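S.K.: If you read the sequence shown in the working numbering, its first letter stands for residue 1402, the second for the next number, and so on. Just dropping this structure here.
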Amino acid sequence: MPVIVPMCELQNGQEADMFVLLTAKETLVTREGKPYFKVTFRDGRREVSFPIWIDSPLAAECRDNWTPGTAYKVRALYRETSFGPQLEIRKLRPVAPADEADGYNPHMFLPRSRFDPDEMFRELVTIARERIADSALRSLTIDLLESNRAALTTLPAATRNHHAYVGGYLEHVLSVTRTCMYLAEKYDNYYPDLQPPLNKDLVVAGGILHDIGKLREYREAPAGAEYTASGTLIGHILQGRDIVREAASRYAIDPETLLRLEHIIVSHQRLPEWGSPKPPMTPEALLVHYADDVDAKFNMMFIALRDDVTTGPMTSSRNMLYQKVYRGGE
């Protein structure tokens, strides 16, 4: 009997038993009119998508009994193909309580940040306390962090594109905030004659709160975070502004400061096609936008290099950047 091996550790051509989560099943048709099911399985580190053809011995079982969000014990051959990694399934059944003896855990399929969420949360609160001089803005920022601690420590930054794992929200926001602090100091020193002067408090608070609307955009689900109805219909940017406005009513925050903070939130993705209704129109918003953008893009490039299964100096373009990445070696 094949031993149980995590799917993320399988080598090309290796057959093994594994525990996987079915995250998606779609009924599609090829250009030639041939129907098939596209299924997606994952564990905590690897995701595979591949077709189950309508004339396959697995087709009827897939159609009638394979349910997205269900964990399965699978015996399969792992293949790395030009279409990406795939599984040739030999056997499949839902997990059973007895599988816990072989290492099954219902939380094993959720990818997680490499960093401790509690430590990241504490650092963000410390930054807010020490780097935001405006007492009302500081209290607002800390209140939004501490009143949402449980959710923020598990929330991903996205469902797919970047930092899409448990703790990814804090990992991304902390990284953005660190970059914001650096940029605020750099440009405040470089442009001492800027009028009005750069508001470093707003840059830090904006870094911490720019994605706060994701508290309402996502909810927990067996396969990881999924969009709420308001997340789909409204998105995190406008809901982030709502959250800040609601909390600000409890503090004597200066109206101009609040307006500028709201602008940072609604403009942080810069372009309408990225979800922002307005581009950055203040120095503070400009710094937060680019700190956010470079952190998201760098994470995508890291994952593209880490997870690509091709060989040679270039990765494939099958990644969240939709481009090849040069790894060297030529």
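In this text, a Cβ means the ideal position worked out from N, Cα and C, and glycines have one as well. Computed from a prediction, not measured in an experiment: that's the story for all the values here.
To test your reading of the DSSP string, which unbroken alpha helix (DSSP H) runs of 4 or more residues are found completely within the segment 1519-1547?
M.R.: If we require 4 residues or more, the alpha helix (DSSP H) runs fully inside the segment 1519-1547 come out as 1536-1547.
S.K.: Measuring only the C-alpha atoms, how far is threonine 1633 from alanine 1558?
M.R.: Near 15 angstroms, if we compare the C-alpha coordinates of alanine 1558 and threonine 1633.
S.K.: Helix or strand or just coil, what does DSSP make of serine 1483?
M.R.: It is coil, neither helix nor strand.
S.K.: Taking DSSP as the reference, what is the three-state secondary structure of glutamate 1621?
M.R.: Reduced to three states, the DSSP call for glutamate 1621 is coil.
S.K.: Check this for me: beta carbons of arginine 1447 and leucine 1411, under 9 angstroms apart or not?
M.R.: For arginine 1447 and leucine 1411, yes; Cβs fall inside 9 angstroms.
S.K.: Based on Cα-Cα distance, which residue from Lys1492, Lys1601, Glu1481, Lys1474 lies nearest to alanine 1460?
M.R.: That would be Lys1492, whose Cα lies nearest to the Cα of alanine 1460.
S.K.: Taking all protein chains shown into account, do 16 or more other C-beta atoms lie within 10 angstroms of the C-beta of glycine 1608, making it buried, or fewer, making it exposed?
M.R.: Buried, because 16 or more other Cβ atoms sit within 10 Å of the Cβ of glycine 1608.
S.K.: By Cβ distance below 8 angstroms, which residues in the same chain neighbour glutamate 1663 in space, the five residues on each side in sequence not counted?
M.R.: Here the set comprises Arg1642, Val1645, Arg1646.
S.K.: Starting from the C-beta of isoleucine 1543, find all residues in its chain whose C-beta is less than 8 angstroms away, skip the five residues before and the five after it, and write them out in chain order.
M.R.: The residues are Val1526, Ala1529, Arg1530.
S.K.: If you draw a straight line from the alpha carbon of proline 1469 to that of lysine 1439, how long is it in whole angstroms?
M.R.: Straight-line Cα distance between these residues: approximately 12 angstroms.
S.K.: Could you give the first and the last residue of the continuous alpha helix (DSSP H) run that contains leucine 1659?
M.R.: It spans 1656-1668 - the alpha helix (DSSP H) in which leucine 1659 sits, taken as one unbroken run.
S.K.: Specify the secondary structure class of phenylalanine 1516 as computed by DSSP and reduced to three states.
M.R.: Note: phenylalanine 1516 maps to coil in three-state DSSP.
S.K.: Excluding the five sequence neighbours on either side, which residues of its own chain have a C-beta within less than 7 angstroms of the C-beta of glycine 1729, listed in chain order?
M.R.: Closer than 7 angstroms at Cβ, skipping near neighbours: Pro1714.
S.K.: Would you mind listing the alpha helix (DSSP H) stretches within the segment 1586-1652 that are 4+ residues and don't spill past its ends, in chain order?
M.R.: 1601-1610, 1615-1618, 1630-1634, 1637-1649, all fully within the segment 1586-1652.
S.K.: What residues in its chain sit with their C-beta under 7 angstroms from that of threonine 1716, if we drop five residues either side in the sequence?
M.R.: Excluding residues within five positions, the ones whose Cβ falls inside 7 angstroms are Ala1705, Leu1706, Asp1709, Lys1725, Val1726, Arg1728.
S.K.: If you check the beta carbons only, do leucine 1546 and phenylalanine 1510 fall under 9 angstroms apart?
M.R.: No.
S.K.: Just list the residues that DSSP pairs tryptophan 1467 with in beta bridges.
M.R.: Its beta-bridge partners do not exist; DSSP assigns none.
S.K.: For threonine 1580, name the three-state secondary structure that DSSP assigns.
M.R.: In this structure, threonine 1580 counts as helix in the three-state DSSP scheme.
S.K.: Once the 5 residues before and after glycine 1625 are set aside, which same chain residues still bring their CB inside 6 angstroms of it?
M.R.: The residues are Leu1511.
S.K.: With DSSP run on the structure shown, which of helix, strand or coil describes alanine 1417?
M.R.: Of the three classes helix, strand and coil, the one that applies to alanine 1417 here is strand, per DSSP.
S.K.: In the DSSP output, which residue or residues are listed as bridge partners for isoleucine 1455?
M.R.: DSSP, once it has assigned bridges, lists no residue as partnering isoleucine 1455.
S.K.: For tyrosine 1691, which three-state DSSP category applies?
M.R.: The answer is helix: DSSP assigns tyrosine 1691 an H, G or I state.
S.K.: From the DSSP output, in three-state form, read off isoleucine 1495 for me.
M.R.: The identity of residue 1495 in the sequence shown is proline, whereas the question assumes isoleucine. Proline 1495: strand per DSSP, three-state reduction.
S.K.: In angstroms with no decimal places, state the Cα-to-Cα distance between tyrosine 1588 and methionine 1702.
M.R.: Each residue's Cα considered, the two are about 27 angstroms apart.
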